[in-house]
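**Q**
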Amino acid sequence: GIQVEQSPPDLILQEGANSTLRCNFSDSVNNLQWFHQNPWGQLINLFYIPSGTKQNGRLSATTVATERYSLLYISSSQTTDSGVYFCAVEDDYKLSFGAGTTVTVRA
Amino acid sequence: GAVVSQHPSWVICKSGTSVKIECRSLDFQATTMFWYRQFPKQSLMLMATSNEGSKATYEQGVEKDKFLINHASLTLSTLTVTSAHPEDSSFYICSARDRMNTEAFFGQGTRLTVV
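Same order as they appear, the protein sequences are chains A and B.
Residues 1448 to 1554 (our numbering) are what the first sequence spells out, left to right.
Residues 2 to 116 (our numbering) are what the second sequence spells out, left to right.
1) Is any beta-carbon of chain B found at less than 8 Å from that of leucine 1479/A?
2) What did DSSP end up calling glutamate 1462/A once you bin it into helix, strand or coil?
3) Which chain B residues are close to phenylalanine 1544/A, counting only those with a beta carbon under 7 Å from its beta carbon?
4) From the DSSP output, in three-state form, read off aspartate 1538/A for me.
5) Could you tell me the distance, in whole angstroms, from the CA atom of valine 1531/A to the CA atom of cysteine 1470/A?
6) What number of angstroms, rounded off, separates the C-alpha of isoleucine 1459/A from the C-alpha of threonine 1548/A?
7) Can you check whether the C-beta of glutamine 61/B is within less than 8 Å of a C-beta belonging to chain A?
8) Who does arginine 1469/A pair with in a DSSP beta bridge?
9) Can you name the start and end residues of the beta strand (DSSP E) that arginine 98/B belongs to?
10) At least one CB of chain A closer than 8 Å to the CB of alanine 97/B: is that the case?
11) So the candidates are Lys56/B, Pro87/B, Ala105/B, Asn102/B; which of them puts its Cα closest to the Cα of serine 16/B?
12) Does the CB of glycine 17/B have a neighbour CB from chain A at under 8 Å?
13) Run down chain B in chain order and give the residues with a C-beta less than 9 Å from the C-beta of asparagine 1492/A.
14) In chain order, what residues of the stretch 1510-1539 of chain A put their CB closer than 8 Å to some CB of chain B?
15) Quick check: what's the CA-CA separation for leucine 1506/A versus serine 78/B?
16) Cutting at 7 Å between CB atoms, please list the residues of its own chain near aspartate 28/B, excluding the five before and the five after it.
17) Please confirm if the stretch 92-101 of chain B is in contact with the stretch 30-41 of chain B, defined as three or more CB-CB distances below 8 Å between the two stretches.
18) With a threshold of 8 Å between beta carbons, is phenylalanine 68/B in contact with chain A?
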């Protein structure tokens, strides 16, 4: 199956800082999604982005499918951005998840 | 987006009993749903693919007789953990694709504790 690697594993930010999370995958994919898992475990959809660039408020994402990576940008981080961010890619119609990046934003 | 609802949010059961978890697609029909399991501080691992009107497809290493999946309608899939043991304690999450069969949406998850 497709291997999905996320970096860094942990990220500590001061409120207001910007950050970049990375997702590398080992084969071409039809689907790539970014999620934020809140403290209660709910997975919140951030982006459906098999290729190209999208923006939603302070978050944006870019996927370069030919080079097999995706980036998630968080700008002007807030304490509510804390949590685990997962990248997931479609592998034979199923989603394979990376290990996640745990983001902690300090006031 | 699509709405996927999971019930219950949490459950505590005694060792040896069975627990049923429901996953519903509220505003769309889902011929396929997916069941994941997540241990603390770990990622989501796919357990099985639930197919409406047919048998589920289980991932390698997942016991079919322990985790019974029934997808009896286009909006409901159930996962039954049979003869639960403490090692089955985990966070179980279901998902379904939207109407365009592209983006995946997830239920709220069920935290199972077996005592």
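C-beta: ideal position from N, C-alpha, C; glycine also.
Bear in mind the structure is a predicted one, so any value in this text is a computation, not a measurement.
**A** On the basis of the data shown:
1) no
2) coil
3) Ser44, Leu45
4) strand
5) 13 Å
6) 10 Å
7) no
8) Ser1454/A, Leu1518/A
9) 91-98
10) no
11) Pro87/B
12) no
13) Gly2, Glu104, Ala105, Phe106, Phe107
14) Phe1533, Ala1535
15) 33 Å
16) Ala3, Val4
17) yes
18) no
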